[in-house]
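Below you'll find the structure, written out as structure tokens, and then a few comments.
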Amino acid sequence: MAERRAVLSVDLDEWYHCRWATGSTRSRWKDTATFFREHYAAEAPPGELREPTRRVLALFDRLGLRGTFFVLGEVARFYPDLVKEIAARGHEVGCHGFHHVDIDVLGPEAFGRELREAKAALEALVGGPVTGYRAPNLLVRDFMIPILREAGFRYDASVCTSRSLLGKDFGHEHVAVNPYRFRERFSRPDPAGDLVEIPHPTFPWLRLPAATGILTRVAGRRWSLIALRHALRTGDAQYYFHPYEVGPMPPLALSLRERLFLRRLGPWMERAVEHIAREMQSWGVRFVTAGELAAELLAGRART
Ligand SMILES: [Zn+2]
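Residue numbers (the numbering used here): 1397 to 1700.
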């Protein structure tokens, strides 16, 4: 295999930001404020994101790599110390919007406002520019592109090349699974484009989600490794997961479907991410941050 780059990225949000819980028209709770009041009888979470995030940071140290953490503005507000710690340990901080809400619920005006608000909050914490964006629930629309550009973003890492699944239409089924430059449409690579897309590889042939923690837990680590190996045949790749996935099971009654989405949380998942990353390293993959990969692609550095 020619030398490839890969990004290990993390969405710094919580299990209750999942689409079935909050942030979409199908959610169990109206929003996180409602969830906090009902579940914690408080206006803010009690701090349960710290421990699993520190497990992820320790894992990255063991693997000897730097990752990219896409942080929700809401999370930065509750955990400013954690965001500072991530940056201080050499990882990249990207922006995951302010509230974890589907773009079709949010609309262009609120999207732009929340994006700028989250970016400013993150930059104040890390003391430098935040140039990467990941959409909540990986849902992007082309109207977001000029807003992202105007706000100073250089790359997006949201496009999932999956076919629609469980009522979620990603809208990019026929896009390449490897990072590319673009200008006007997320789904239209443009070698001279001023923005970079770092997409999420899907399982080959079937075009189903694969290189994410959720699918690793649901379908097994081999499912993710096959997709990553396949993507790396043609270019660079990324894998992403969440700190809550290496943490404990949430303490509430769950439906069968909710239990499926939350199966194998904790040590199983921590071992799975370590295994996947070490396999990729054994293939000769060079881990870089998403920002480094985007900068290299924008500098026109040829793939080897
Ligand atoms: Zn998220």
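For glycine and all other residues, C-beta sits at the position ideal for the given N, C-alpha and C.
Keep in mind it's a predicted model, so treat the numbers as computed, not measured.
Quick check: what's the CA-CA separation for residue i versus residue j?
| i | j | result |
| --- | --- | --- |
| residue 1579 | residue 1523 | 28 Å |
| residue 1478 | residue 1510 | 21 Å |
| residue 1571 | residue 1557 | 6 Å |
| residue 1708 | residue 1603 | Any question about residue 1708 goes unanswered here, given that the chain covers just 1397 to 1700. |
| residue 1446 | residue 1629 | 36 Å |
| residue 1414 | residue 1696 | 36 Å |
| residue 1399 | residue 1593 | 20 Å |
| residue 1645 | residue 1416 | 16 Å |
Would you please state the rounded distance, in angstroms, between the beta carbons of residue i and residue j? I believe it to be under 8 Å.
| i | j | result |
| --- | --- | --- |
| residue 1633 | residue 1574 | 7 Å |
| residue 1401 | residue 1624 | Not a contact, Cβ separation roughly 12 Å. |
From the DSSP secondary-structure annotation, give me the bridge partner or partners of residue i.
| i | result |
| --- | --- |
| residue 1596 | 1556 |
| residue 1466 | 1407 and 1490 |
| residue 1401 | 1682 |
| residue 1564 | 1561 |
| residue 1528 | 1551 |
| residue 1605 | 1598 |
Can you give me the Cβ contacts of residue i inside the same chain, cut-off strictly under 7 Å, excluding the 5 residues immediately before and after it?
| i | result |
| --- | --- |
| residue 1405 | 1463, 1464, 1466, 1553, 1634, 1636 and 1686 |
| residue 1421 | 1501 |
| residue 1584 | 1578 |
| residue 1560 | 1566 |
| residue 1485 | 1453 |
By Cβ distance below 6 Å, which residues in the same chain neighbour residue i in space, the five residues on each side in sequence not counted?
| i | result |
| --- | --- |
| residue 1458 | none |
| residue 1567 | none |
| residue 1596 | 1556 and 1607 |
| residue 1508 | 1543 |
Looking only at its chain, what residues have a beta carbon closer than 8 Å to the beta carbon of residue i, apart from the 5 residues adjacent to it on each side?
| i | result |
| --- | --- |
| residue 1591 | 1541, 1544, 1545, 1549, 1550, 1551, 1552, 1577, 1578 and 1579 |
| residue 1513 | 1469 and 1494 |
Are the C-beta of residue i and some C-beta of chain D separated by less than 9 Å?
| i | result |
| --- | --- |
| residue 1672 | Protein chain content of the structure displayed is limited to a single chain, and chain D is not contained in it. |
Practice prompt. Indicate whether the contact test is met: 3 or more Cβ pairs, each with one atom in the region 1664 to 1674 and one in the region 1603 to 1621, closer than 8 Å.
Written response: The region 1664 to 1674 makes contact with the region 1603 to 1621: 3 or more CB pairs, one atom from each, lie closer than 8 Å.
Practice prompt. Check whether the region 1494 to 1507 touches the region 1432 to 1450, taking contact to mean three or more Cβ pairs, one atom from each stretch, closer than 8 Å.
Written response: With the rule of 3 Cβ pairs closer than 8 Å, the region 1494 to 1507 does not count as touching the region 1432 to 1450.
Item to complete: Tell me, please, whether the region 1534 to 1544 touches the region 1674 to 1692 by the rule of three or more beta-carbon pairs shorter than 8 Å.
Response: In short, these stretches do not touch, since the Cβ pair count stays below three.
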